[in-house]
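Residue numbers (the working numbering): 49 to 190.
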């Protein structure tokens, strides 16, 4: 299994952040875990890191409904950043939205690897970790 060096969680829900980061640490999910509470905070920090020669996270867990800059607008800006760096990032939309329109919209973004409903489970995080580095012709979302 390939090691995840850097992962990122973007969500405004403090309880979700607390549980997810705690479980990710216990699972030894990655070497470095970045946490942001809205899309604007995340895109600014990630762009600044890239400008200084840093790498983007390999795995990104993204909420859709957040204040300041929502997940959809974050995705549009983040795709431009990945095009600039040429880095491959697996984005997992993690949301409480069961709206079919959101799932269909998520499929429009090739960078979105999967659409997951909250709450996440330990098994789901283990699956994400276990599948990292495994090449496939299709993402689970397609």
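Even glycine gets a Cβ: it sits at the ideal position worked out from N, Cα and C.
Residue i to residue j, Cα distance in whole Å?
{"i": "residue 102", "j": "residue 95", "result": "9 Å"}
{"i": "residue 58", "j": "residue 147", "result": "20 Å"}
{"i": "residue 54", "j": "residue 110", "result": "15 Å"}
{"i": "residue 80", "j": "residue 152", "result": "31 Å"}
{"i": "residue 145", "j": "residue 179", "result": "24 Å"}
{"i": "residue 65", "j": "residue 85", "result": "9 Å"}
{"i": "residue 100", "j": "residue 158", "result": "27 Å"}
{"i": "residue 172", "j": "residue 63", "result": "18 Å"}
{"i": "residue 156", "j": "residue 93", "result": "25 Å"}
{"i": "residue 60", "j": "residue 130", "result": "23 Å"}
For residue i and chain E, any beta-carbon pair shorter than 8 Å?
{"i": "residue 164", "result": "In summary, chain E is missing from the structure at hand, where a single protein chain is found."}
Out of the options, state which residue places its alpha-carbon closest to the alpha-carbon of residue i.
{"i": "residue 50", "options": "76, 60, 61, 156", "result": "76"}
{"i": "residue 25", "options": "144, 107, 81", "result": "Residue 25 lies beyond the residue range present for the chain, which begins at 49 and ends at 190; the question has no answer from this structure."}
{"i": "residue 141", "options": "135, 62, 121", "result": "121"}
{"i": "residue 56", "options": "83, 62, 157", "result": "83"}
{"i": "residue 174", "options": "61, 157, 78, 60", "result": "78"}
Residue j and residue i - do their beta-carbons sit closer together than 8 Å?
{"i": "residue 104", "j": "residue 139", "result": "no"}
{"i": "residue 133", "j": "residue 98", "result": "yes"}
{"i": "residue 36", "j": "residue 154", "result": "Outside the displayed span of the chain (49 to 190) sits residue 36, for which this structure offers no information."}
{"i": "residue 128", "j": "residue 52", "result": "no"}
{"i": "residue 123", "j": "residue 143", "result": "no"}
- Is the region 81 to 93 touching the region 112 to 121, taking contact as three or more C-beta pairs under 8 Å? Of all C-beta pairs linking the region 81 to 93 to the region 112 to 121, three or more are shorter than 8 Å, placing the two stretches in contact.
- Is it true that the region 62 to 74 meets the region 163 to 172, where meeting means three or more beta-carbon pairs spaced less than 8 Å apart? Yes, since at least three Cβ pairs between the region 62 to 74 and the region 163 to 172 fall closer than 8 Å, the two stretches touch.
- Of all the alpha helix (DSSP H) runs that stay within the bounds of the region 110 to 166, which reach a length of 4 or more residues? Every alpha helix (DSSP H) stretch that sits fully inside the region 110 to 166 and reaches 4 residues is listed by chain position as 119 to 133, 148 to 155.
- Item | 3-residue-minimum beta strand (DSSP E) runs that sit fully inside the region 68 to 109, ordered along the chain | Taking only runs of at least 3 residues, the beta strand (DSSP E) segments lying wholly in the region 68 to 109 are 80 to 84.
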